[in-house]
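Asks: In this note's numbering, the protein residues as written are 72 to 252.
Cβ coordinates follow ideal geometry from the N, Cα and C atoms, glycine included.
Because the structure is a prediction, the values reported are computed rather than measured.
#1: Where does the unbroken alpha helix (DSSP H) through residue 135 begin, and where does it stop?
#2: Could you compute how far the alpha carbon of residue 129 sits from the alpha carbon of residue 103?
#3: Assign residue 80 to buried or exposed, taking buried as 16 or more other Cβ atoms, counted over all protein chains shown, within 10 Å of its Cβ.
#4: Give the range of the alpha helix (DSSP H) segment to which residue 202 is assigned.
#5: Once you ignore the five residues that flank residue 208 on each side, which residues in its own chain have a CB closer than 7 Å to its CB?
#6: With three or more beta-carbon pairs closer than 8 Å as the criterion, would you say the stretch 194–207 touches the stretch 148–161?
#7: Using a threshold of 8 Å, state whether the C-beta atoms of residue 206 and residue 232 are closer than that.
#8: Can you tell me which of the three DSSP states residue 120 falls into?
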């Protein structure tokens, strides 16, 4: 492993000095390793490995475009694998890591959820009325009337950020009060 990394570092140094043949040898040497790493990463994430080639191409393109950022005094492999890791993460984020499972397959093996104790409507209304007017208005608009942040901001002449803050604070206060009772 160490010999391969030293070879890669030497090839990259030569490539940075203008040796195109060394650059092509380097890319040919790292491609199978990147392909295997991409397949492993996809498999660990529960994704089909058939998209590994796209990830490898993204990594090679990033290496080409960012090669000027590599420190020629540093080993090449850690720099390469950092790019590879980031490209794999980017791909998984774009896809979302949602796994869909048919719940009917597990219906008989999943235990039923124990009913949770809930607050009465009167309790919730009482705690809502104790909130500051702006928080109460924002909660009413978003949670009850199903208005968007944007619409609520326009309705109350607030910035969208102020609406988010009021919503967060109102929900936090309401949650804390309902937990205490």
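Replies: Walking through what the data contain:
#1: 123–137 is the span of the alpha helix (DSSP H), which, as asked, contains residue 135.
#2: When the Cα atoms are used, residue 129 and residue 103 turn out to be separated by approximately 14 Å.
#3: Counting Cβ neighbours within 10 Å, residue 80 comes out buried, since at least 16 surround it.
#4: Secondary structure note for residue 202: it is in no alpha helix (DSSP H), with a DSSP letter that is neither H nor E.
#5: Sequence-distant Cβ neighbours of residue 208 in its own chain, meaning closer than 7 Å and more than five residues away, are 227.
#6: Touching, no.
#7: No.
#8: Of the three classes helix, strand and coil, the one that applies to residue 120 here is helix, per DSSP.
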